[in-house]
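Protein chains in written order, with this note's numbering: chain A, 44 to 373; chain C, 44 to 373. Only one structure is covered here, and it is reproduced in the block below.
There are 2 protein chains.
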Amino acid sequence: MSERRQEVQETAPNGPAELVRLAAIARRFYLEGRSKVEIAEEFGLSRFKVARDLDAARSYGIVHIDIRLPERLDAERSELLRERFGLRRAIVVDTLDDHLDTRRALGSVAARLLSEIVRPDEILGLAWSRGLQAMGADMVELPRCTVVQLNGVLSEHTEAGGSVETVRRVATLAGGQAYPIYAPLILPDAATAATLRADPGIAAAFAHFDRLTTAVVAIGGWDERNSTVFQALTPEDRERYTAMGVCGEMSAQLFDIDGNQVHSDLDERVISVSADQLRRVPEVVAVAGAGDESKARAVGAVLRSGLVSTLVTDDAVARVLLDDGSPDQD
Amino acid sequence: MSERRQEVQETAPNGPAELVRLAAIARRFYLEGRSKVEIAEEFGLSRFKVARDLDAARSYGIVHIDIRLPERLDAERSELLRERFGLRRAIVVDTLDDHLDTRRALGSVAARLLSEIVRPDEILGLAWSRGLQAMGADMVELPRCTVVQLNGVLSEHTEAGGSVETVRRVATLAGGQAYPIYAPLILPDAATAATLRADPGIAAAFAHFDRLTTAVVAIGGWDERNSTVFQALTPEDRERYTAMGVCGEMSAQLFDIDGNQVHSDLDERVISVSADQLRRVPEVVAVAGAGDESKARAVGAVLRSGLVSTLVTDDAVARVLLDDGSPDQD
DNA sequence: ACAAAGGTCGCTCAAATGAGCGAACCGAGC
DNA sequence: GCTCGGTTCGCTCATTTGAGCGACCTTTGT
Numbered sequence: 044m045s046e047r048r049q050e051v052q053e054t055a056p057n058g059p060a061e062l063v064r065l066a067a068i069a070r071r072f073y074l075e076g077r078s079k080v081e082i083a084e085e086f087g088l089s090r091f092k093v094a095r096d097l098d099a100a101r102s103y104g105i106v107h108i109d110i111r112l113p114e115r116l117d118a119e120r121s122e123l124l125r126e127r128f129g130l131r132r133a134i135v136v137d138t139l140d141d142h143l144d145t146r147r148a149l150g151s152v153a154a155r156l157l158s159e160i161v162r163p164d165e166i167l168g169l170a171w172s173r174g175l176q177a178m179g180a181d182m183v184e185l186p187r188c189t190v191v192q193l194n195g196v197l198s199e200h201t202e203a204g205g206s207v208e209t210v211r212r213v214a215t216l217a218g219g220q221a222y223p224i225y226a227p228l229i230l231p232d233a234a235t236a237a238t239l240r241a242d243p244g245i246a247a248a249f250a251h252f253d254r255l256t257t258a259v260v261a262i263g264g265w266d267e268r269n270s271t272v273f274q275a276l277t278p279e280d281r282e283r284y285t286a287m288g289v290c291g292e293m294s295a296q297l298f299d300i301d302g303n304q305v306h307s308d309l310d311e312r313v314i315s316v317s318a319d320q321l322r323r324v325p326e327v328v329a330v331a332g333a334g335d336e337s338k339a340r341a342v343g344a345v346l347r348s349g350l351v352s353t354l355v356t357d358d359a360v361a362r363v364l365l366d367d368g369s370p371d372q373d
Numbered sequence: 044m045s046e047r048r049q050e051v052q053e054t055a056p057n058g059p060a061e062l063v064r065l066a067a068i069a070r071r072f073y074l075e076g077r078s079k080v081e082i083a084e085e086f087g088l089s090r091f092k093v094a095r096d097l098d099a100a101r102s103y104g105i106v107h108i109d110i111r112l113p114e115r116l117d118a119e120r121s122e123l124l125r126e127r128f129g130l131r132r133a134i135v136v137d138t139l140d141d142h143l144d145t146r147r148a149l150g151s152v153a154a155r156l157l158s159e160i161v162r163p164d165e166i167l168g169l170a171w172s173r174g175l176q177a178m179g180a181d182m183v184e185l186p187r188c189t190v191v192q193l194n195g196v197l198s199e200h201t202e203a204g205g206s207v208e209t210v211r212r213v214a215t216l217a218g219g220q221a222y223p224i225y226a227p228l229i230l231p232d233a234a235t236a237a238t239l240r241a242d243p244g245i246a247a248a249f250a251h252f253d254r255l256t257t258a259v260v261a262i263g264g265w266d267e268r269n270s271t272v273f274q275a276l277t278p279e280d281r282e283r284y285t286a287m288g289v290c291g292e293m294s295a296q297l298f299d300i301d302g303n304q305v306h307s308d309l310d311e312r313v314i315s316v317s318a319d320q321l322r323r324v325p326e327v328v329a330v331a332g333a334g335d336e337s338k339a340r341a342v343g344a345v346l347r348s349g350l351v352s353t354l355v356t357d358d359a360v361a362r363v364l365l366d367d368g369s370p371d372q373d
């Protein structure tokens, strides 16, 4: 993985006087920020000797450096995920013990991520999931920008404020225009969907899909437990799509395990941004978490599509994606 | 104390993407050992930006560096003691909870210290205390050198192998000549002491006192609990010397709180190396621990005499000497 | 709109540092 | 004594890095 890494414990330990001396030198250099030349003068050594002593101190484990993020961010897995899937950014949120709050934690991080990366006058697209809903709730500031809803709503999940409310809330916060979509996500047939897309309000939202600068979407799994879309389908549809190899979903766009989009009649039956449109968005932020191993596989599948530029997920998903069984390491 | 120290948490925390980015850069630099130029190329930044990011990562506390010694050595207090008392070396042993083993721990460290600093063909002088006895027991290797006993024995403490046995053991280990002293440390009058000093065996030991290259001595307090010498005196003697300001003792040489030697009739009544002779020894290692606050004051007193070049002590003593009440800090 | 103020950026130049190398040193074996 | 690995040391030279500075970009107050 890394060509040069730090050795753990290389050679024989010295006597106590030497250890204390090395510690003093290491303190000077690493904690007090003195130069090796200064240290050499103070201790009456050559600067080369000081350099060697510092190497020794590190190889003996006297100097301990670790990179650890505040909050619950896993720096190492974030980096590994980013590299593994060729992402622009990956943010792994450590949920520690409280798996109940995973969604909330992801939402909170995603909210601050948006505050961070969205520039003024962007056109921001928001899909919907419970995680994104939490994100909307936790958003506290956003530069002035237009907020567009990316898909219709799922009637099953409109209790606690659905997609429309989130879009409105964020737009208000951003002090910009809101383009909500008052329509269901999935319709029984293509004709109904086409009719709805012609509705002025909905068309206004769709009109922005080709000019989006940042899209925030959720990744859904493909089973009863991990997918809101799956749950919204009839048993026959479920079987049919599953037979086509579907194992993950993002904004009602279906993907097989290799990240290939699975086209079907569903494409025409949903009110949603399309995968092709997403591909043209400069920044696609996917939020995915709070699921089991199957959900993690769905995330991997969608990531392989190359549509996602930034991923926000939890450590459980990251662990599975990285084939990393250990609960903690370094 | 230190002009440049690391700030703890300087400016405002950034968003999660920035934090993860900083962590990735910090990992590259601090853990993978890449140069800032390399990192800059990889991330498409200028090397100056990388340097600033690394500074930011440190000030945000993302990079955590600590200097920590293996075993039970307190690097920070060792250093502080060394500076405070102008010593060549100071070694503070962390006794943690088990105060019972303090003496043994000090002895063990002192033993390894001697193995480390004694060069072949040195003339090594050993005083006596329970700590030095533990040192003798823990000594495992020593270059070939002559071992000289520095003072007579205290009859009260000859149970578990007195000074003589320690000297013999160390000399055997070093494969060198042993010069033990078969005499009491304190005698009733100067005449008896003088007679004893004329004894051929004792004189042979004394003859080496001016050619010692390393002396290992113990520091004793000045009350019933902390001093073997004090205990060996008559109540009248105790009072008399106490009235003279004595508050610490090293090899039966008495010192007041400022490190001035307190001369008295005791000087002539002891069979021991003198303070003046010790002053001419290039390396004087003092071992002192396992006492209360009064013992710590004694150690400070003796250190102020300037006779000691290397101190081995425990964290309790170090804490008192440094006016450092906190049980742990950084 | 404009200017002042504060922040960030990348440059120059000098200092700090690393890689590699031969000299000196050490201990072991003859 | 002597030579033979093996180790440590400090050197040269090229690279890396830091300090300070002016250019530029935002933001804020007028």
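Think of the CB as a built atom: it goes at the ideal place given N, C-alpha and C, for glycine as much as any other residue.
Who are the Cβ neighbours of residue i in its own chain at under 7 Å, not counting the five residues just before and after it?
i                 : result
ALA67 of chain A  : none
LEU197 of chain A : LEU228, THR271, ALA275
GLU50 of chain C  : Residue placement at GLU50 of chain C is flagged as unreliable, the pLDDT there being 42, under the threshold of 50; the coordinate-derived value follows with that caveat. Answer for GLU50 of chain C: SER102, listed in chain order.
MET44 of chain C  : With a pLDDT of only 38 at MET44 of chain C, under the threshold of 50, the placement of this residue in the model should not be trusted, and no figure is reported.
ALA214 of chain A : VAL190, GLN220, ALA221
Just reading off the beta strand (DSSP E) that residue i is part of, what are its end residues?
i                 : result
GLN220 of chain C : Unbroken run through GLN220 of chain C: none, as it is neither H nor E.
ASP357 of chain A : 353-357
GLN296 of chain C : 296-299
LEU123 of chain A : Taken as a continuous stretch (DSSP letters only), LEU123 of chain A belongs to no beta strand (DSSP E), being part of the alpha helix (DSSP H) at 118-127.
GLY168 of chain C : 166-169
Given a cut-off of 7 Å, decide if residue j and residue i are closer than it, judged by their beta-carbon atoms.
i                 : j                 : result
VAL381 of chain C : VAL351 of chain C : Here chain C has residues from 44 to 373 only, and residue 381 of chain C is not among them.
SER315 of chain C : SER337 of chain C : no
GLN320 of chain A : PHE249 of chain A : no
TYR222 of chain A : VAL191 of chain A : yes
ARG312 of chain A : ALA236 of chain A : yes
ASP137 of chain C : ASP358 of chain C : yes
HIS107 of chain C : ARG115 of chain A : no
SER151 of chain C : ILE134 of chain C : no
GLY332 of chain C : ASN269 of chain C : no
Which residues mark the beginning and the end of the alpha helix (DSSP H) in which residue i is found?
i                 : result
MET178 of chain C : 173-181
ILE160 of chain C : 145-160
Tell me which residues share the same chain as residue i and place their Cβ nearer than 8 Å to its Cβ, disregarding the 5 neighbours each side in the sequence.
i                 : result
SER158 of chain A : MET182, VAL183, GLU184, LEU185
ALA60 of chain A  : none
ASP266 of chain A : PHE273, SER337
THR285 of chain C : TRP265
ARG283 of chain A : SER307
VAL207 of chain C : GLN192, VAL196, PRO223, ILE224, TYR225
MET287 of chain C : LEU297, ASP299, VAL305, SER307
PRO231 of chain C : ARG312
ARG187 of chain A : PRO163, ASP164, ALA217, GLY218, GLY219
GLU53 of chain A  : Confidence is the limiting factor: at GLU53 of chain A the pLDDT is only 45, short of 50, which leaves the residue's position unreliable, though a coordinate-based value still follows. Excluding sequence neighbours, GLU53 of chain A sits near SER102, TYR103.
With a threshold of 6 Å on Cβ separation, who are the neighbours of residue i within its own chain once the five nearest residues in sequence on each side are excluded?
i                 : result
VAL345 of chain A : ILE262, GLY291, MET293, PHE298
VAL324 of chain A : LEU255, ALA258
GLU81 of chain A  : none
ALA375 of chain C : The displayed coordinates of chain C run from 44 to 373. Any statement about residue 375 of chain C would go beyond what the structure contains.
ILE105 of chain C : LEU65, ALA66, ALA69
VAL210 of chain A : LEU169, VAL190, GLN192, ALA221, PRO223
Which one of the options has the shortest CA to CA distance from residue i?
i                 : options                                : result
TYR225 of chain C : C:GLY219, C:ALA234, C:GLY195, C:ALA148 : C:GLY195
SER348 of chain C : C:ASP266, C:ASP335, C:ASP301           : C:ASP301
ALA118 of chain A : A:ARG132, A:PHE128, A:ASN269           : A:ARG132
ALA318 of chain C : C:ALA83, C:ARG95, C:ALA170             : C:ALA170
GLN296 of chain C : C:ALA286, C:ARG147, C:LEU309           : C:LEU309
ALA339 of chain A : A:ARG162, A:VAL360, A:THR277, A:LEU175 : A:VAL360
GLY58 of chain A  : C:ILE160, C:VAL210, C:ARG322, C:THR238 : C:ILE160
LEU74 of chain A  : C:ASP109, C:ALA100, C:ARG95, C:ARG146  : C:ASP109
GLY174 of chain A : A:PRO163, A:VAL135, A:THR145           : A:THR145
ASP366 of chain A : A:ARG212, A:LEU123, A:PRO243           : A:LEU123
LEU167 of chain C : C:LEU239, C:ALA148, C:ARG212           : C:ARG212
PRO113 of chain A : C:ASP242, C:ARG127, C:VAL63, C:ARG77   : C:VAL63
Answer yes or no: the CB of residue i versus the heavy atoms of the ligand HEM, is any distance below 6 Å?
i                : result
ARG95 of chain C : This structure lacks the ligand HEM, and indeed carries no ligand of any kind.
**Item:** Residue ranges of each alpha helix (DSSP H) within the stretch 223-260 of chain A, 4 or longer
**Value:** 233-240, 243-249
**Item:** Runs of alpha helix (DSSP H) lying entirely within the stretch 295-330 of chain A, each at least 4 residues, in chain order
**Value:** 309-312, 318-322
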